[in-house]
Amino acid sequence: MSRVALIGASGNAGSRILKELSNRGHQVTAIARNPEKIASLPHVTAVKGDLFDRAGLAALLKGHDAVISSVHFTQSDPELLIGAVKEAGVKRYLVVGGAGSLEIAPGKRLIDQPDFPEAYRSEAAKGAEFLQRLRSETDLDWTFLSPSAAFVPGERTGKFRLGKDTLLTSEAGSSISFEDYAIALVDEWENPAHIRERFTVGY
C-alpha cells in the first residue's frame, strides 16, 4: 500500500482517479480548494490546499510516495506546482495532461489545426507549455498522460488503447471516459512504463 497525494481531487478527472486509487487500497491525501466537495471514500483523507501557496502545498505533499496533479492549466502555475513537489522531496509526479499537444501527423499538433475549438485553446496551450517545462525537468520522475480529444463522463470498461505522442482515433472519433483514464493513470503509478515521458489513452 502506498501513499499518494492527489491535487484537484474533486474535479471531473480527479474524482475518478480518487475512486480508482481508493478501490485499489492506496492511502490518499485528497487536496482541493473546497475539501467538502471531495467524495468520502475508504483510505482517503480530504484536506484543503491552495495551488498558489508553494510552502503550504509542499508541506501537504511531504511524506508521500507520489503526487498526482489533476488541475486546470489556466488556473495553476507549473513552476509553483513542480517546485512544491520538489520541495516536498517526492520523486514521482504524474500529471493529468491535455490532448491539444498530441500530433495528428508528424509535426502537426491538434491545437494548431484550424478547426480546433476556440473555447479550449487557452487551456490546451497552457497544457502544452506545462509538458515542455516537464521535458526539461531532471529531478522528478514525471509522467504526463494526455487524454483523447473528447474527455468525458462514461463507464469504467478497462478496454482502451495506449499511445505515445499521436492522437488516438477510431471510427467513433477520439475519446476516453474519465473512468477509463483513471485506470490508465493508476496503472502507470503502480507499474511505471513512461518515466519522464508523455503518453496517451483512448478507445
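The opening position of the sequence shown corresponds to residue 150 in this note's numbering, with each subsequent residue numbered one higher.
Don't be surprised by glycine CBs; every beta carbon is placed ideally from N, CA and C.
Just so we're clear, the structure is a prediction, and the values are computed from it rather than from any experiment.
{"Item": "CA nearest to the CA of T349, picked from S323, A331, L311", "Value": "L311"}
{"Item": "Buried/exposed call for K275, threshold 16 Cβ in 10 Å", "Value": "buried"}
{"Item": "Closest residue to A298 among A215, I231, D264 (Cα-Cα distance)", "Value": "D264"}
{"Item": "Cβ neighbours of F279 in the same chain (closer than 6 Å, five flanking residues each side left out)", "Value": "F222, P227"}
{"Item": "Straight-line Cα distance separating N340 from K313", "Value": "17 Å"}
{"Item": "Burial state of D288, where buried means 16 or more other Cβ atoms lie within 10 Å", "Value": "exposed"}
{"Item": "Of the listed residues A331, A273, F327, L155, nearest to L210 (C-alpha basis)", "Value": "L155"}
{"Item": "Residue range of the beta strand (DSSP E) that includes Q224", "Value": "Element bounds for Q224: n/a, residue is neither H nor E."}
{"Item": "Touch test, the stretch 154-168 against the stretch 320-334, Cβ-Cβ under 8 Å, three pairs minimum", "Value": "yes"}
{"Item": "Sequence ranges, alpha helix (DSSP H) only - wholly within the stretch 255-310, length at least 4", "Value": "267-284"}
{"Item": "Proximal residues to Y242 (C-beta, below 6 Å), its chain only, five neighbours per side dropped", "Value": "V216, V234, L289, W291"}
{"Item": "Cut-off 6 Å between Cβ atoms - residues of its own chain near T194, not counting five sequence neighbours on either side", "Value": "T178"}
{"Item": "Any non-hydrogen atom of the ligand MN closer than 7 Å to S297 Cβ", "Value": "Ligands displayed in this structure: none; no statement on the ligand MN is therefore possible."}
{"Item": "Which residues DSSP lists as bridging T178, in chain order", "Value": "A154, T194"}
{"Item": "Proximal residues to D199 (C-beta, below 8 Å), its chain only, five neighbours per side dropped", "Value": "R182, G205, L206"}
{"Item": "Residues near L229 in its chain [Cβ-Cβ closer than 6 Å; skip 5 each side]", "Value": "R203"}
{"Item": "For I325, the nearest candidate out of G246, A208, H192 (CA to CA)", "Value": "G246"}
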